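Shown next, in structure tokens, is the structure this report addresses.
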Amino acid sequence: MSDGVRLIVFGRQGAGKGTQCVRLAERYGVPHISTGDMLRAAAAEGTEFGLRAKEFMDAGQLLPDDIMLGVIEERLGRPDAAQGWLLDGFPRTPGQAEGLMSLLGDSGADLAIDLDVPEDVVVGRISARRVCSGCGAIYSLAAPPAQGWTCDKCGADVVQRADDTEESVRTRLAAYNEQTAPLLAWFGERDMLVTVDGVGDPDEIAARIGAAVDARLG
Ligand code: AMP
Numbered sequence: 000m001s002d003g004v005r006l007i008v009f010g011r012q013g014a015g016k017g018t019q020c021v022r023l024a025e026r027y028g029v030p031h032i033s034t035g036d037m038l039r040a041a042a043a044e045g046t047e048f049g050l051r052a053k054e055f056m057d058a059g060q061l062l063p064d065d066i067m068l069g070v071i072e073e074r075l076g077r078p079d080a081a082q083g084w085l086l087d088g089f090p091r092t093p094g095q096a097e098g099l100m101s102l103l104g105d106s107g108a109d110l111a112i113d114l115d116v117p118e119d120v121v122v123g124r125i126s127a128r129r130v131c132s133g134c135g136a137i138y139s140l141a142a143p144p145a146q147g148w149t150c151d152k153c154g155a156d157v158v159q160r161a162d163d164t165e166e167s168v169r170t171r172l173a174a175y176n177e178q179t180a181p182l183l184a185w186f187g188e189r190d191m192l193v194t195v196d197g198v199g200d201p202d203e204i205a206a207r208i209g210a211a212v213d214a215r216l217g
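Numbering-wise, the sequence shown is residues 0 to 217 according to numbering that gives the first Met the number 0.
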């Protein structure tokens with residue numbers, strides 16, 4: 000499979016997007032651009048922007064579209080994104096989708112993937128989710144690091160995300176249903192959407208996604 004693909008990955012919070020996007024980005028040799036990871040990194044650095052972003056994130060609220068479009072425009076302009084990319088967590092609203100398409104032009108993305116997991120399943124997954132505070136690697140109570148709660152990859156502490164509380168999760172799922180889910184229809188109408196069942200073993204899901212993408216992009 001050639002590199003140079005431009006993929007957009009959708010899925011409810013806790014659908015396993017982060018885990019699957021890491022694998023997909025490796026498979027196609029393109030950068031994994033996660034707006035959530037970028038905002039968490041800015042928050043950890045303690046920049047003025049990062050601290051403002053953290054207030055939205057901790058409340059489970061989306062940042063304003065104009066700010067996010069600025070973030071993504073800057074990121075897609077970097078040299079490593081010139082040959083393709085994988086977007087995780089963007090676009091999230093109709094305004095972001097319109098802004099992205101006008102930034103990229105009509106043929107700007109190859110395929111959108113909807114990683115489909117029912118709401119009751121994701122609520123259980125999110126409450127068990129743990130992430131590395133250093134590199135963002137994802138673990139869970141069912142699949143912890145090998146040595147205590149320190150990351151297998153970088154050795155930093157593995158913690159629960161501040162926005163993985165029940166209240167914040169409910170706010171985020173409502174935002175997904177209201178603002179992000181309608182975007183699926185938009186991509187579907189343009190024949191740019193594949194839906195993949197996101198329930199099951201991560202390796203099986205990765206194989207399903209790979210097969211679906213290959214079938215569409217050859
Ligand atoms: P995620 O890791 O994708 O679940 O994102 C975590 C949080 O970052 C979200 O709940 C929002 O507060 C913020 N965020 C990430 N991506 C976006 C986006 N495209 N638009 C607005 N807010 C975002």
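Beta carbons: idealized from backbone N, C-alpha and C, even for Gly.
Remember, predicted model here, so these are calculated numbers, not experimental data.
Partner residues in the beta bridge of residue 138, as assigned by DSSP, are 129. The Cβ atoms of residue 175 and residue 157 lie no closer than 8 Å to each other.
Inter-residue distance for residue 101 and residue 29 is about 22 Å (C-alpha atoms, whole angstroms). Residue nearest to residue 92 within the set 210, 60, 211 and 21 is 60 (criterion: CA-CA distance). Relative to the ligand AMP, residue 67 has its C-beta within less than 7 Å of a heavy atom.
Within the same chain, and ignoring the five residues on either side of residue 148 in sequence, the residues whose Cβ sits closer than 6 Å to its Cβ are 157. Placement of the Cβ of residue 34 at a distance of less than 7 Å from at least one heavy atom of the ligand AMP is found. Around the CB of residue 46, fewer than 16 other CB atoms lie within 10 Å, so the residue is classed as exposed.
With a 10 Å radius around the Cβ and a threshold of 16 neighbouring Cβ atoms, residue 136 comes out buried. If you draw a 10 Å sphere on the C-beta of residue 143, you find fewer than 16 other C-beta atoms in it, and that means exposed. Within the model, the alpha-carbon separation for residue 116 versus residue 122 is close to 10 Å. By the neighbour-count criterion, in which 16 or more other beta carbons inside 10 Å mark a residue as buried, residue 12 falls on the buried side. Relative to the non-hydrogen atoms of the ligand AMP, the Cβ of residue 19 never comes closer than 7 Å to any of them. Distances from the CB of residue 162 to the heavy atoms of the ligand AMP include at least one below 7 Å. Contact annotation: the region 193–204 does not touch the region 151–168, with fewer than three C-beta pairs closer than 8 Å.
Linking residue 215 to residue 72 through their CA atoms gives a straight-line distance of about 27 Å.
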